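Peer 1: Take a look at the following structure, please.
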Amino acid sequence: VENVQAERDILTRVDHPFVVTMHASFQTREKLFIVMDFLAGGELFLRLGREGVFLERDAAFYLAEITSALEHLHGLGILHRDLKPENILLGSDGHLCLTDFGLAKDFRAGEGGWGSGGGANDANDNGKKGGEEKETAGGEEEEEGQ
Numbered sequence: 001v002e003n004v005q006a007e008r009d010i011l012t013r014v015d016h017p018f019v020v021t022m023h024a025s026f027q028t029r030e031k032l033f034i035v036m037d038f039l040a041g042g043e044l045f046l047r048l049g050r051e052g053v054f055l056e057r058d059a060a061f062y063l064a065e066i067t068s069a070l071e072h073l074h075g076l077g078i079l080h081r082d083l084k085p086e087n088i089l090l091g092s093d094g095h096l097c098l099t100d101f102g103l104a105k106d107f108r109a110g111e112g113g114w115g116s117g118g119g120a121n122d123a124n125d126n127g128k129k130g131g132e133e134k135e136t137a138g139g140e141e142e143e144e145g146q
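As numbered in the UniProt record's numbering, residues 1 to 146 make up the sequence shown, in order.
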C-alpha cells in the first residue's frame with residue numbers, strides 16, 4: 001500500500017499531457033484505488049512486439065514525448081525509476097502517457113536529494129553533475145581544471 005500511496009501523492013502533483021492523469025483516489029481498510037485515464041492504444045510494449053521495430057519518425061515522435069514528460073517530472077523533483085515500454089501507454093490519438101509511478105521517488109517530499117541514489121552520474125552535494133565544480137578548502141567553488 002505504501003508504493004500506491006506514494007504513486008497517488010506523485011500523480012496529485014503532476015499535470016502534463018504525456019503523464020497519465022489521476023482523476024480520483026479512494027481507500028478501503030485494505031486497499032487504495034486510483035482512478036486514471038483509460039488509454040485505448042494499450043502498452044507501447046505490445047505495439048513494439050507487433051511491429052518489431054519502429055520507423056525512425058515514429059521512434060523520434062515517441063522519444064520527444066517521453067523526453068517532454070521526463071523533463072517535467074524532473075523539474076518537479078520526481079524520478080520515475082521504472083521507465084520501460086510496459087509503463088508507457090498509447091492513447092487512441094497516438095500520443096503516449098507515462099504510467100506506473102509505484103517505484104518513483106519524490107525528492108522534494110522526503111529526505112535526500114538527486115545525489116542520494118549512489119550512482120556514478122548522480123549530482124554532487126553542490127548540485128553539479130559529475131564533478132563539474134569542486135569546493136576548495138576555503139569553501140569557494142572553482143572550475144574543474146584550474
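All C-beta atoms in this analysis are idealised placements derived from N, C-alpha and C, irrespective of residue type, glycine included. The model shown is predicted, which means the values in this text are computed figures rather than measured ones.
Report yes or no: do three or more beta-carbon pairs, one from the region 37 to 44 and one from the region 80 to 92, lie closer than 8 Å?
Peer 2: In the pairwise beta carbon analysis, the region 37 to 44 is classified as touching the region 80 to 92: at least three pairs are separated by under 8 Å.
Peer 1: Pick helix, strand or coil for A40, following the three-state DSSP scheme.
Peer 2: In the structure shown, A40 falls within a coil segment according to DSSP collapsed to helix, strand and coil.
Peer 1: What is the residue span of the beta strand (DSSP E) that A24 lies within?
Peer 2: 22 to 27
Peer 1: Following the continuous beta strand (DSSP E) through L90, name the residue where it begins and the one where it ends.
Peer 2: 88 to 90
Peer 1: Buried or exposed: where does T99 fall if 16 or more other Cβ atoms within 10 Å of its Cβ makes it buried?
Peer 2: buried
Peer 1: Return yes when the Cβ of G77 is within less than 8 Å of the Cβ of F107, no when it is not.
Peer 2: yes
Peer 1: To the nearest angstrom, how far is it from the Cα of V35 to the Cα of E7?
Peer 2: 12 Å
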